[in-house]
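These protein sequences, in sequence, are chains H and S.
Okay, so the first sequence: first residue is 22 according to our numbering, each after it adds one.
Okay, so the second sequence: first residue is 22 according to our numbering, each after it adds one.
Please read the structure below before turning to the comments.
There are 2 protein chains.
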Amino acid sequence: MTKRVFKFSASGCDGDREMKNLLGGKGANLAEMCKIGLPVPPGFTITTESCVHYYKNNNTWPEELEGQIREAIAWLEKDTGKKFGDAENPLLVSVRSGARASMPGMMDTILNLGLNDKVVEGIAKKTNNRRFAMDSYRRFIKMFGDVVLGIKGEKGHENPFEEILHSVKKKAKKEFDNELNDKELEEIVNASKEVVLKKTGKPFPDNAWDQLKLSTNAVFSSWMNERAIEYRRIYKIPEDWGTAVNIQTMVFGNMGDDCGTGVAFTRDAATGENVFYGEFLMNAQGEDVVAGIRTPNKIIELKNIMPKAYDQLMEIREKLEQHYRDMQDIEFTIENNKLFMLQCRNGKRTGLAAIRIALDLLDEGKIDEKTVMSKIEADQVTFLLRPIFNEDAKKVAKKEKRDIAKGLAAGPGAAAGRVCFFSDEVDAMKKKYGKAVLVRNETSPEDIKGMEAAEGVLTARGGMTSHAALVARQRGKTCVVGCKELEIDYKTRIMTVNGHTVKEGDPISIDGSTGEVYLGEMPTSPSEVMEVLNGTKKASESSTFKRFSRLMEIADKFRRLDIRTNADAPGEAEIAIAFGAKGIGLCRTEHMFFGGERIWAMREMILAHTETDRRKALDKLLPFQREDFAGIFKAMKGYPVTIRTLDPPLHEFLPQTEKDQKELAQRAGITLAQVHARVEELHESNPMLGHRGCRLGITYPEITEMQARAIFEAACDVKKAGIEVKPEVMIPLVTCLPEFKNQEAVVRRVAEEVFKAKGMRVDYMVGTMIEIPRAAVTADEIAQGAEFFSFGTNDLTQTGFGISRDDYGKFIKDYMEKGVMKVDPFVSIDPGIQRLMKYAVEGGKATRPNIKLGICGEQGGDPDSIRFCHDVGLNYVSCSPYRVPIARVAAAQAALGVGSEK
Amino acid sequence: MTKRVFKFSASGCDGDREMKNLLGGKGANLAEMCKIGLPVPPGFTITTESCVHYYKNNNTWPEELEGQIREAIAWLEKDTGKKFGDAENPLLVSVRSGARASMPGMMDTILNLGLNDKVVEGIAKKTNNRRFAMDSYRRFIKMFGDVVLGIKGEKGHENPFEEILHSVKKKAKKEFDNELNDKELEEIVNASKEVVLKKTGKPFPDNAWDQLKLSTNAVFSSWMNERAIEYRRIYKIPEDWGTAVNIQTMVFGNMGDDCGTGVAFTRDAATGENVFYGEFLMNAQGEDVVAGIRTPNKIIELKNIMPKAYDQLMEIREKLEQHYRDMQDIEFTIENNKLFMLQCRNGKRTGLAAIRIALDLLDEGKIDEKTVMSKIEADQVTFLLRPIFNEDAKKVAKKEKRDIAKGLAAGPGAAAGRVCFFSDEVDAMKKKYGKAVLVRNETSPEDIKGMEAAEGVLTARGGMTSHAALVARQRGKTCVVGCKELEIDYKTRIMTVNGHTVKEGDPISIDGSTGEVYLGEMPTSPSEVMEVLNGTKKASESSTFKRFSRLMEIADKFRRLDIRTNADAPGEAEIAIAFGAKGIGLCRTEHMFFGGERIWAMREMILAHTETDRRKALDKLLPFQREDFAGIFKAMKGYPVTIRTLDPPLHEFLPQTEKDQKELAQRAGITLAQVHARVEELHESNPMLGHRGCRLGITYPEITEMQARAIFEAACDVKKAGIEVKPEVMIPLVTCLPEFKNQEAVVRRVAEEVFKAKGMRVDYMVGTMIEIPRAAVTADEIAQGAEFFSFGTNDLTQTGFGISRDDYGKFIKDYMEKGVMKVDPFVSIDPGIQRLMKYAVEGGKATRPNIKLGICGEQGGDPDSIRFCHDVGLNYVSCSPYRVPIARVAAAQAALGVGSEK
């Protein structure tokens, strides 16, 4: 018989922390904490496999599950000495979800299960605390009503149970929940039960077993609720993992003033500083803290209020860090001065914190360098490179009194945009104004999509561990929370802030590093790391920069992939070198044709009807190209530079406005009608699949010739000046060997001509993009000519999928929403496209075992794609300059086979 | 030492007919004819490998070649008792090309080699025939001048040697070459030598050895001349085969009136009738007959003139057919009443003739059914299906006296179009008027491209074996030759025909089955086979139809592939069934949306902004679709029908003219601006890669739903009427399994709904197009859902190559000319695309071993592609109705591993 239920208590555990896949993160860690002797209320975990069974079998339990649960409840009654559903000595339990990967707040929780009209009086009698009993009961009804019975508030309205609470508080003239007395709470209980009867047509279920079964199913079902699906989509969590269900003896933080509940991080989750960091509420139950309903107290205050519990918590902090060798996020409850641990897990943290914590743990001897690499996500390096508000702009704003409020700095960075009050309207606001800041009283998991789309998030309520803060930090969103001065009226879509009126659509700026809120959109300036690299700050004065450098050094010890950059100008190349790029993987020569006089020469070339005229125009372009290449060769100081010959269709260079067309006619000495005719002639039905890439070079070999001449003349000149050069000439859009050979012949002929004229030689290679499926599957043939391949994954994705990046906006949303696609293939290399690449790698190596292999598509900077590139055996990845540091870390992680926990 | 030279003579041969690859077709057959005792002048063959060596080694001979040639010449001197270069008793030779595949007239020939001023007098003395000696000499200088020294005429001018001939003839007032006397010929010799001196700056080479070496190199070089390259491109002959060189003792047909030369076919090459068919010229050398300079005599006349030679020829005819078991094309020369064979090869023939000859040989017991399949090219079946002029139109034309001339019926069929006098202008003429007929005095290999592009070819000179006739027959071109009434003035671009003036661009019609030429473009009517199938002629009255049926029966015995058709309407389906299609492989539902009211309902659907409005419009379309499908199911009588759901992007259905847009606005009750807006909204940068195929069905499932409903309601209705139905629903443009699953779910749900409502079930399948590279390489996954694959090779070629068929006209010409592409991948499946298909077949079968596999792209009717489809293991090919018979033959040939000789 399959074991479906795993018990945990001080007297023994069925599971441990290695069993996350089966017990979920929460269940595995509850067992682990029991094992290392921490005070954990006893309970049991229903396996994730049971959830998977539930979905695969039309929402039914495995046969053996009910029996095992009944057996576990009996064991729990024995362990606690209480009885489930009993009015005299009742066992109350919590029912909580817990998946393999942490999905904070995504799924549902029910506390105080086992209560009914009789049991509540039994509790009241037993604890001699009727207020507490009623408080627990009204919470239970609310959670059960919400989660199990699906009773929600409508848009613009609060949850009906919250409404009852507010109206009773108002009537009683009490500000906080914990000020209500037992009668008032009983009034809430009765009103809540009426809501249930009215909304469901049935009375609130009073049988403890029914409550437990329904709640377990509700937790199973929450795995497929919309926000959980959305969360999994974002974090790429497979649907077939399922969630575990944890059923645990209740301990109560709401039993009186010697009670409380809290959450804490063993280190600062925002900065990574090694300080105990958390919040708690006296006389409250768990969800109160996280939900941000009351603004909680700082953890340090617990030292005064309950010094013993505080000391115990500090001991546990150290024990957990020693045991897990990572920063922990914990939940605890204090019941009558007694501390209980309800959860521990590796704490979510900002990129800044992740990097600092990993490096500190290394210094503290808790982890080694390899583990440092496993403790961060490559993308988190971005946090070190994020912009901040321009200090001068801030000064001006302050002078103009546009600094209207200050909240908690929950997500570092700087964000500016238009105010938007509803998450599902952020996209529309962005469409209208470009950037949006989401402003809410508080956020809930329903808001994930809107938060993702917004530049930043500002909330009126909640603390550093509120939902908004957690999500923002993890996603690298700039975020300010608990900004109490905000008074938001969702109906009129206006908020007032210290006397200022801010309407929907007004510009606003928030500083996630200081908590400041400004009127107007403020300009930003670069990060500290950027400042050091720019020379505006000394490296020695920036601990951020020092950590950045150290992290890069460690990454470089492990990675096997080289990192190059895509750069078209000397300036870009220099930034990339500063970030550690060891070459240029893609230099797009066409970008060089746009500036100033060049574009006119280019256009003359396109208008020419004879080779002679084209050559005349190309002669004008030659010195520009040569100069550009020389600049790049110099900047790259001997690192290889991959230069792609002309790629885009010619019509992209022709003027689109009548004014420019007239100027072109005048300059070229032809009529406007002739210009129009040529524009018309160059029009294509599907330019992506048209006359571009090497197809241009084959029709007009003189273009390739000019470019080759510019490359080799520049290379000789720079080499003569004492700087090593390594040009790699790359032919785009090749589909077959003869195309490559045709262009290679032009390049090699010109190279020899230049070398002869200059009386010197330069080592160079000629290779090709692999960006067309036919090229991928005939790479064995193409490698007969090409000395290197560079995967152009943008075009390979377009042609491999038959999807135009310019047009796929029309259906990609439907695809994502309907689960047809899980990941945007233009962000992360799709598995089908990976197969094409694999064929190409195998084919290329079969023909030319030492062929050089790289990638220069956008996905070259995406950590998941980098992992694939490593696995498939590429030599390098090339990405935009700002992603070079991320790529270095991702490459190291790929080599180590590690990555941060999802 | 590699053997480079193979001798042949009555006394023994080094080679035989199996050695075509090494000796070329001509060399191998010369040896073979010697072996079977036919009178062949002795000689030797330089191998094709020597030619390949020549090209691979910078145009130099293999070391051993010269020695072997010298040795062979010495042997030949011994065999003939003559001496090479000797003035008293000179050995004269011919030097002729001969590749593995016959390339008639593509390469070069030199006759009478060994002559110079001294030798010519020796010959004159020895033969006592100075006229003959001079005639041979002037021919030699002309051929050597043309072929070896490259002296050509310019456009609009004749060859300078021809000009000399014409001016001497004019001066001497003689009509034909053979009327010239020795003095006149000597004048030509001297003038020709002057031309050589003037054009090359050197005197004509008089050393026999120099002549031989230069001529051998010229033949090697002719392998790479433009017309040979073009010919190989058309016939897909590999460049690396090279040509052999045949050096053979001269025999002379120009030695007097007991001499002559001729060419013949052992059967009628136009109709296939079992009659000896050929032409000869008295007192002439070989090229005179083929070149069409004089119109030759019919072979039957030889019986009177030289009965002994004629009888001998008849014996040889029978011997050759018995030996080769095929119709032979022979060349012979009669020297002083003695017959010599100069060549034999399998004769080129029309499709009509190929089929008739093969079936006759079968009846004569010379070959078996399998060999019948090897004796024809599948494409030749077209000849049986080609249109003829409408008899009524012909009567009218004759009444109006528009029948202006009659030539030889050299290529059956009917062609009408505008007169074009220059081959390189046919394309322009077609662009202007749609169709063109090429009209020339005679054609040469330079004209191939123009002939290919023209509807038909009309020549003033030449016989049934002239270049024009040969090429036209083989390529299935309608062709009339030797139409002497034509007087063409290339300079004024006007021809006069029996008093009529016909200008360039005037309409003309030619009947390649009767030789008639008409003014004006006449309508055509279908072939005899078509008439029988249409019921306008009885099968018993048409021997053509009987042969057609018999051929199809034989093909069906061997083929393994099923043949289906692409048909969108019941009428098309019926034709296809008559041609033997066993199902529909592609029924494009969108074509049904265009007629009458349907298009307006379709447009309403596209304009709708809500699902409700879309469903309203779709409800209007449903009855139309249902009716169409019912018609097709009935026509297909239980054969499977593959119906593809909506594929093209929606904008293709919207009106493009202002008038129609206004009507649409009015019908839909919206403003014109709203119509414009929707048109704009639907615009795509790359519609080929846009919102189309299953992407539409995923965004708008109600469209798929309506189509599925129409399919299953029609299927039930037809089945209820007692006709079996096999619908196969095909989802287009699938890239991944989830897309397929999404649409499959809609189809299966609707099917169940319909079956329930109708109280009956219909067997059906749901499958997918494989037309996107990603689908091909993940076919293993897609086959988890799809019950069948149909390769959409049009789109697979577009996306696999990254080439749009709408745009590739801009560079495909360059590609063909520069040898980058050899075959248009939209005509014949490209080898790279074949690899993608192979992956898909392997993947599909791995997951679903009995998966049904077919092809429905245009290439499904191309014999080479059908061969691949057979080899890779498809179940069927689907092609346009008129290509079904071709596909049946091609499928049989694929199964037998045979195909006609190239």
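Idealized CB from N, CA, C, for every residue including glycine.
By the 10 Å Cβ neighbour count, where 16 or more other Cβ atoms means buried, how is residue i classified, buried or exposed?
| i | result |
| --- | --- |
| H/M22 | exposed |
| H/I321 | exposed |
| H/L186 | buried |
| S/D389 | exposed |
Using 8 angstroms as the limit for Cβ to Cβ distance, is residue i near chain S?
| i | result |
| --- | --- |
| H/T264 | no |
| H/K923 | A caution first: H/K923 carries a pLDDT of 34, below 50, which makes its placement in the model too unreliable to give a value. |
| H/I824 | yes |
| H/L639 | no |
| H/G821 | yes |
| H/E385 | no |
| H/D448 | no |
| H/P259 | no |
| H/S886 | no |
Tell me, please, which residues DSSP counts as bridged to residue i.
| i | result |
| --- | --- |
| H/H521 | H/V518 |
| S/E352 | S/V284, S/Q364 |
| H/E114 | Before going further, note that residue 114 of chain H is Val rather than Glu in the sequence given. According to DSSP, which records beta bridges pairwise, H/V114 is partnered with H/L134, H/T270. |
| S/C500 | S/G432, S/V478 |
| H/I584 | H/V898 |
| S/L459 | S/C441, S/V478 |
| H/A265 | H/G119 |
| H/P661 | H/K747 |
Please list, in chain order, all residues of the same chain as residue i whose beta carbon is under 6 angstroms from its beta carbon, the five residues on each side excluded.
| i | result |
| --- | --- |
| S/M124 | Y252 |
| S/I268 | G64, F65, V114, V116 |
| H/S157 | N133 |
| S/H672 | L703 |
| S/L917 | K391, M394, F579 |
Is the Cβ of residue i closer than 8 angstroms to any Cβ of chain H?
| i | result |
| --- | --- |
| S/K831 | yes |
| S/V798 | yes |
For residue i, which residues of its own chain have a beta-carbon under 7 angstroms away from its beta-carbon, when the five flanking residues on both sides are left out?
| i | result |
| --- | --- |
| S/E922 | Here the model assigns S/E922 a pLDDT of 37, short of 50, so the residue's position is not dependable, and the following value carries that caveat. Correct list, in chain order: N367. |
| H/K104 | E98, N110, P111, L112 |
| S/R25 | I67, T68, S71, P83, E85, L86, Q89 |
So, for residue i: in the same chain, excluding its five sequence neighbours on each side, which residues have a beta-carbon less than 8 angstroms away from its beta-carbon?
| i | result |
| --- | --- |
| S/A457 | G438, R439, V440, C441, V447, M450, K451, A474, A475, E476 |
With 8 angstroms as the limit, tell me which residues of the segment 835 to 863 of chain S have their beta carbon closer than that to any beta carbon of chain H; keep them in chain order. D835, Y836, K839, G840, V841, M842, D851, P852, G853, I854, R856, L857, Y860
Got a sec: which bits of the segment 751 to 772 of chain S sit with their beta carbon under 9 angstroms from any beta carbon on chain H, in order along the chain? L754, T756, C757, P759, E760, K762, N763
To be precise: take each residue of the segment 201 to 217 of chain H, compare its Cβ to all Cβ atoms of chain S, and keep it if any distance is under 9 angstroms. Which residues remain? none
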